Amino acid sequence: MGKTFKIATYNVNSIRSRLELVLGWLKKERPDVLCMQETKVPDSEFPKEAFEEIGYKVFFRGTKGGSGVAIATSSDPEGLLSGLDDEPRDEDRLLGCKIGGIWVINTYVPQGQSPDSPMFSYKLQWYDRLLKFFQNHFKPQDPLIWCGDLNVAPEQIDVHNPKKLLGHVCFRPEVWEKFERIKKWGFIDLFRLHHPGEPGHYTFFDYRVPKALERGIGWRVDHILATSPLASKCRNCWIDLEPRKAPKPSDHTPLVAEFEL
DNA sequence: ATGGTGGCACCGCCA
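Heads up: the first sequence runs through residues 7 to 267, numbered per the working numbering.
In structure tokens, the structure reads:
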């Protein structure tokens with residue numbers, strides 16, 4: 007009998023606006039690790055105590071006006087790291103922790119704005135720099151998880167209208183190639199592993215699209231990937247749409263994976 | 001229909 011390990015990724019779109027929603031979800035789901043993105047809060051104002059009151063440690067990197075990432079854990083991490091290896095390190099986009107011998111790397115990949123924008127080339131470089139980061143720190147045989155808002159819908163079945171959306175910064179060949187390159191190094195997409203070929207599963211619904219969730223107008227851009235020794239122990243991976251029923255939900259919803267170690 | 005909403009920055013920007 008192995009022990010179970012439960013991890014989730016959730017782009018919260020401001021932890022201060024979503025605090026009660028996130029705490030309520032944590033109390034109900036009790037994952038070992040929750041990776042958050044777009045916390046949108048400087049470290050000095052992060053609501054640390056609120057997490058501690060429900061039995062979680064929380065680690066965070068955010069700046070005023072910045073993106074912001076955080077990790078909540080049910081036990082003390084054996085290690086922490088933040089930022090890419092070279093400048094600009096973007097500590098508010100990459101935060102890692104080691105739990106039970108497993109390294110978890112939580113990233114908020116730059117969205118890219120528009121294909122002709124400098125921010126889009128920055129996004130493409132970011133995937134290259136992230137691959138270097140993985141190569142520098144880990145081996146594909148290590149128990150390693152990469153998760154977060156990766157700002158890529160990897161396949162045609164990962165968006166509601168692939169014809170119309172082709173060319174978007176999260177749905178175009180250059181981005182697919184970068185993502186594929188990192189996967190080839192040693193990562194397996196756990197949601198796809200458990201739901202091969204199934205269309206219509208989304209983690210993001212644009213606020214600007216009326217009744218997006220009800221109409222199924224979404225994107226699968228949040229992911230949990232694992233190296234093969236861990237992927238083989240993953241028992242399930244699912245999208246939890248429950249938090250979308252809240253009065254003021256995030257535009258993203260949690261993605262959860264469970265392992266039998 | 002080339003808009004729409006939401007968050008946080010401030011009085012526009014990003015997603």
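No residue lacks a Cβ here, since even glycine has one placed at the ideal position from N, Cα and C.
Keep in mind the model is a prediction, meaning the values are calculated, not measured.
Within the model, the alpha-carbon separation for Q119 versus H207 is close to 24 Å. Contact between the region 48-68 and the region 101-115 is present, with at least three C-beta pairs closer than 8 Å. Counted as a single uninterrupted DSSP element, the stretch harbouring A232 is not any alpha helix (DSSP H) but the beta strand (DSSP E) occupying residues 228-232. With 16 or more other CB atoms across the displayed protein chains lying within 10 angstroms of its CB, Y16 is buried.
Pairing G8 with K239 gives a Cβ-Cβ distance under 9 Å. Ranked by how close their Cα comes to the Cα of A237, the residues S127, E183, Y213, A263 have A263 in first place.
Under the DSSP assignment, G154 falls outside any alpha helix (DSSP H), being part of the beta strand (DSSP E) whose first and last residues are 150-155. Around the beta carbon of Q43, 16 or more other beta carbons lie within 10 angstroms, which makes this residue buried.
Within the same chain, and ignoring the five residues on either side of F177 in sequence, the residues whose Cβ sits closer than 7 Å to its Cβ are A159, V165, L171. Here R36 is exposed, its C-beta having fewer than 16 other C-beta atoms within 10 Å.
Taking the C-beta atoms as reference points, L267 is found no nearer than 9 Å to G85.
DSSP places H201 in the coil class of the three-state scheme, outside both helix and strand. Taken atom to atom, the span from the alpha-carbon of K138 to that of D122 is near 25 Å. By the neighbour-count definition (other C-beta atoms within 10 Å, threshold 16), K129 is a buried residue.
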